[in-house]
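Residue numbers (the working numbering): 15 to 498.
Following: one structure in structure tokens, then a few remarks.
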Ligand code: IMP
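Below, the structure written as structure tokens:
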């Protein structure tokens, strides 16, 4: 006899719509923060890139880390390689922007915004024909002002006396760091006031990075190598973490926190689970963060192969229930990361009504910085950006990755695939698309009247849509999209 039959169907993000709340006048985009706190690790963005060999390598971890998210380096990387990437990222030094995209004083705001969207840089220097620096167009400042987009950027730009300017073209990175102090940007000019280079505060801060481990032999050595390299979070990467193997690693890590230097300050995230019992188990065993999801990944065939898994939002609701109970009983708030099936800003918004952060694979796979090979229109390898059309992708449980540890196989003989291999469309560089999606997420917080994610999780109301409603509210309807 079956223990229980759950008749309520599992739900995913796209089935829900966010309701609005009163928006206060100061709840504007520049005042809304997407910062999140993962058991002491503070991120500017609530985004993690999946611990997948086709997604996260040095480039993705660096690009996402620079924007304020967190790359999770896959466990399939040899220990030495994984720790070396952590070390490279932690020692990444800011550089100057030597050749910034410049605009002229009479460029329209509309044109400047298009450049911001194309390049992802939200600050554009305004110069004259002789490259003399006149000011800085700040996209965030423009959003605060009520100015028509047809106006010239000269009417909204920040003047040179509103920022740190320095007249020493030979300024070193070290000197720039000191000069920047609390300032957000530094402009370096020559004696004739011509623009030489720029430096941004966020490039001075250390970039966060995480490393995945398994529960199999050698995990301690992996943890130690990564801690020594300066890693900011350890992630136990297993497809089903409701397991005593994971419990044992969590207990052993707790012991390491007292014996291994740095371990005390490095949180451990364990996953994945899909039930309240599974989440409660990990919390009780000492997980600082719990990761949720199974069978919802974009390349995942687990459901097809062994009919196991759960719709991601339903899994998240269950984990949140366990988190509330654990909080009441222990006083500890355990952040949740939802993993799998989040593919758009809309998905992120609904996920963030419950989760402290989202992990994504497919979403990041589309970008230049993804670890998968870049292919041209004939599916041939290319390193030349204009020719790139598609990016190779494969799941950790695919024949290509054969991540035996993640799926609990002790030998290759018992392995069967739980993931596909394929390609996704190439979407260029990460930064512009990410910035746009983060504006969408911030706007949704504003619609609810929230300036912070913690507030959003308290106040958001989401509503299930019927399939008929999804036809009407979910997308355009009754029109042919396009001109003429
Ligand atoms: P996505 O964001 O929907 O693409 O899901 C990414 C997540 O899918 C990863 O973070 C893993 O949890 C999961 N995943 C990665 N590889 C596989 C696989 O081969 N089979 C099943 N799930 C996978």
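All C-beta atoms, glycine included, are put in the ideal place defined by N, C-alpha and C.
Give every residue of the same chain whose Cβ lies closer than 7 Å to the Cβ of residue i, excluding the five residues on either side of it in the sequence, and list them in chain order.
| i | result |
| --- | --- |
| residue 107 | 187 |
| residue 50 | 57, 60, 370, 371 and 467 |
| residue 414 | 408 and 435 |
| residue 477 | 30, 31 and 33 |
| residue 441 | 380, 381 and 447 |
| residue 173 | 149 |
| residue 207 | 146 and 147 |
| residue 230 | 419 |
| residue 123 | 156, 161, 163, 165, 167 and 170 |
| residue 280 | 241, 245, 246, 247 and 248 |
| residue 453 | 43 |
Let me check understanding here. Comparing Cα to Cα, which of the options lies closest to residue i?
| i | options | result |
| --- | --- | --- |
| residue 312 | 356, 301 and 278 | 356 |
| residue 135 | 193, 85 and 216 | 216 |
| residue 214 | 208, 233, 191 and 221 | 191 |
| residue 78 | 103, 15 and 41 | 103 |
| residue 205 | 324, 219, 479 and 182 | 182 |
| residue 252 | 283, 62, 92 and 236 | 283 |
| residue 74 | 495, 422 and 378 | 378 |
| residue 487 | 405, 410 and 360 | 360 |
| residue 64 | 195, 374 and 310 | 374 |
| residue 114 | 137, 17 and 338 | 137 |
| residue 5 | 449, 496 and 363 | The structure shown does not extend to residue 5, since the chain spans only 15 to 498, so no value can be given for it. |
| residue 385 | 17, 250 and 72 | 72 |
| residue 196 | 291, 209, 141 and 177 | 177 |
Report the partner residues of residue i according to the DSSP bridge assignment.
| i | result |
| --- | --- |
| residue 401 | DSSP output for residue 401 lists no bridge partner at all. |
| residue 149 | 140 |
| residue 282 | 248 |
| residue 408 | 435 |
| residue 166 | 122 |
| residue 268 | Beta-bridge pairing links residue 268 to no other residue. |
| residue 30 | 478 |
| residue 304 | 284 and 350 |
| residue 55 | 52 |
| residue 85 | 63 and 223 |
| residue 111 | 212 |
| residue 388 | 405 |
| residue 117 | 140 |
| residue 129 | Residue 129 pairs with nothing; no bridge assigned. |
| residue 172 | 150 |
| residue 395 | 389 |
In terms of residues, what are the limits of the alpha helix (DSSP H) holding residue i?
| i | result |
| --- | --- |
| residue 316 | 316-320 |
| residue 445 | 444-462 |
| residue 80 | 72-81 |
| residue 333 | 326-344 |
| residue 178 | It is not in any alpha helix (DSSP H) - residue 178 instead sits in the beta strand (DSSP E) that spans 178-180. |
| residue 473 | 467-473 |
| residue 40 | Where residue 40 is concerned, there is no enclosing alpha helix (DSSP H), given that its DSSP letter is neither H nor E. |
| residue 383 | No alpha helix (DSSP H) contains residue 383, which DSSP labels as neither H nor E. |
| residue 189 | 187-194 |
| residue 426 | Residue 426 -> no alpha helix (DSSP H), and no H or E assigned at all. |
| residue 100 | 93-104 |
| residue 488 | It is not in any alpha helix (DSSP H) - residue 488 carries neither H nor E in the DSSP assignment. |
| residue 240 | 233-243 |
| residue 295 | 290-298 |
Name the two residues that bound the continuous beta strand (DSSP E) containing residue i.
| i | result |
| --- | --- |
| residue 199 | 199-203 |
| residue 214 | 209-214 |
| residue 361 | Careful: residue 361 lies outside any beta strand (DSSP E), inside the alpha helix (DSSP H) at 359-365. |
| residue 353 | 350-353 |
| residue 51 | 50-52 |
| residue 225 | 223-227 |
| residue 373 | 371-374 |
| residue 159 | Premise fails: residue 159 is in no beta strand (DSSP E) and is neither H nor E. |
Ignore the nearest five residues each way along the sequence and tell me which others in residue i's own chain have a CB closer than 6 Å to its CB.
| i | result |
| --- | --- |
| residue 327 | 25, 26 and 27 |
| residue 365 | 27, 352, 356 and 372 |
| residue 97 | 239, 240 and 243 |
| residue 271 | 277 and 278 |
| residue 445 | 134 |
Does residue i get closer than 7 Å to chain B when you measure Cβ to Cβ?
| i | result |
| --- | --- |
| residue 268 | Within the model displayed, chain B is absent; a lone protein chain is all it includes. |
Cβ of residue i within 6 Å of any heavy atom in the ligand MG?
| i | result |
| --- | --- |
| residue 316 | With respect to small molecules bound, the structure shown includes the ligand IMP and not the ligand MG. |
For residue i, which residues from the same chain have a beta carbon less than 8 Å from its beta carbon, with the 5 sequence-adjacent residues on both sides left out?
| i | result |
| --- | --- |
| residue 100 | 87, 223, 225, 240, 243, 244 and 245 |
| residue 159 | 170 |
| residue 266 | 234 |
Query raised in the report: Can we say the region 469-476 touches the region 359-377, given the rule of at least three CB pairs closer than 8 Å?
Result: Cβ pair count under 8 Å is three or more, so yes.
Query raised in the report: Pairing CB atoms from the region 272-283 with CB atoms from the region 232-243, are three or more of them under 8 Å?
Result: The region 272-283 is in contact with the region 232-243.
Query raised in the report: Does the region 286-299 touch the region 255-266, meaning 3 or more C-beta pairs lie closer than 8 Å?
Result: Cβ pair count under 8 Å is three or more, so yes.
Query raised in the report: Pairing CB atoms from the region 448-465 with CB atoms from the region 40-55, are three or more of them under 8 Å?
Result: Cβ pair count under 8 Å is three or more, so yes.
Report task. Mind the definition here: the region 490-497 touches the region 389-398 only if three or more C-beta pairs lie below 8 Å; say whether that holds. Result -> When C-beta atoms of the region 490-497 are compared with those of the region 389-398, fewer than three pairs fall below 8 Å, so the two segments do not count as touching.
Query raised in the report: Are three or more beta carbon pairs between the region 419-431 and the region 301-311 nearer than 8 Å?
Result: The region 419-431 is not in contact with the region 301-311.
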